[in-house]
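Numbering (our numbering), first residue to last: 23 to 252. All residues carry an ideal CB built from backbone N, CA and C; glycine is no exception.
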């Protein structure tokens with residue numbers, strides 16, 4: 023895919039403006055979408071992010087890669103690292119059967135609260151467990167707290183500098199087994215180079231890079247790494 027050189031890099035001021043708009047997103051969804059209609063709510067969030075304010079969801083373009091991964095793996099146990107406002111969870115829930123165990127971890131309290139509100143509006147509250155805490159505090163206790171042996175699918179989209187730490191923590195606690203699919207967003211921008219080096223040079227994984235662009239930006243290259251434990 024040919025991509026133009028980025029015309030504007032995302033900086034701290036840009037990120038702060040994005041964070042300040044989270045409540046606006048919630049209000050926009052309630053005012054402009056159909057309650058309980060997951061696909062319509064996803065489309066409404068995408069419209070907000072393209073026309074009103076950029077948000078760090080996986081987005082509509084890379085979201086299709088996530089959709090395909092979910093449809094291929096057909097997971098029964100799912101872990102998401104980084105709920106943010108619930109967009110990627112909604113995309114996954116749209117393809118899950120109702121018996122899937124889905125746990126999502128979000129460190130930021132306001133983001134977790136907004137995500138829960140959007141899940142309630144989407145009528146999926148009983149299908150997802152949102153934990154407001156840091157991933158390294160939660161992962162060691164997932165087995166005992168949720169009676170989880172391992173996860174079929176893990177979606178990683180939180181702090182890029184801890185992708186590798188948390189992957190290794192999941193390995194250490196036996197939560198990744200043969201067949202586990204790990205989908206990692208933003209591996210190019212902002213980037214997770216140590217994570218990529220690890221999965222691409224680890225004989226325990228087969229891994230594939232899916233080239234795309236940054237969410238709601240056509241001029242910043244990005245992509246998703248999908249790794250499967252052998």
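State the beta-bridge partners of residue i as determined by DSSP.
| i | result |
| --- | --- |
| residue 198 | Paired residues: none, contrary to the question. |
| residue 203 | 175 and 250 |
| residue 154 | 128 |
| residue 180 | Residue 180 pairs with nothing; no bridge assigned. |
| residue 244 | 234 |
Using beta-carbon positions only, say whether residue i and residue j come within less than 8 Å of one another.
| i | j | result |
| --- | --- | --- |
| residue 234 | residue 48 | no |
| residue 221 | residue 230 | no |
| residue 208 | residue 179 | yes |
| residue 245 | residue 232 | yes |
| residue 44 | residue 133 | yes |
| residue 151 | residue 125 | yes |
| residue 154 | residue 131 | yes |
Starting from the Cα of residue i, find the closest Cα among the options and give me that residue.
| i | options | result |
| --- | --- | --- |
| residue 117 | 136, 97 and 103 | 97 |
| residue 127 | 133, 111 and 105 | 105 |
| residue 237 | 56, 57 and 80 | 80 |
| residue 51 | 109, 148 and 66 | 66 |
| residue 147 | 123, 74, 161 and 157 | 123 |
| residue 56 | 145, 196, 188 and 218 | 145 |
| residue 99 | 219, 227, 176 and 223 | 176 |
Three-state secondary structure (DSSP) at residue i?
| i | result |
| --- | --- |
| residue 227 | strand |
| residue 123 | strand |
| residue 233 | strand |
| residue 218 | helix |
| residue 27 | With a pLDDT of only 38 at residue 27, under 50, the local geometry of the prediction cannot be trusted, and the value read off the model is given with reservation. Residue 27 falls in the coil class under three-state DSSP. |
| residue 190 | helix |
| residue 48 | helix |
| residue 133 | helix |
Inset, instruction - Note down, one range per segment and in chain order, each alpha helix (DSSP H) of at least 4 residues found wholly within the region 55-114. - result: 60-73 and 81-95
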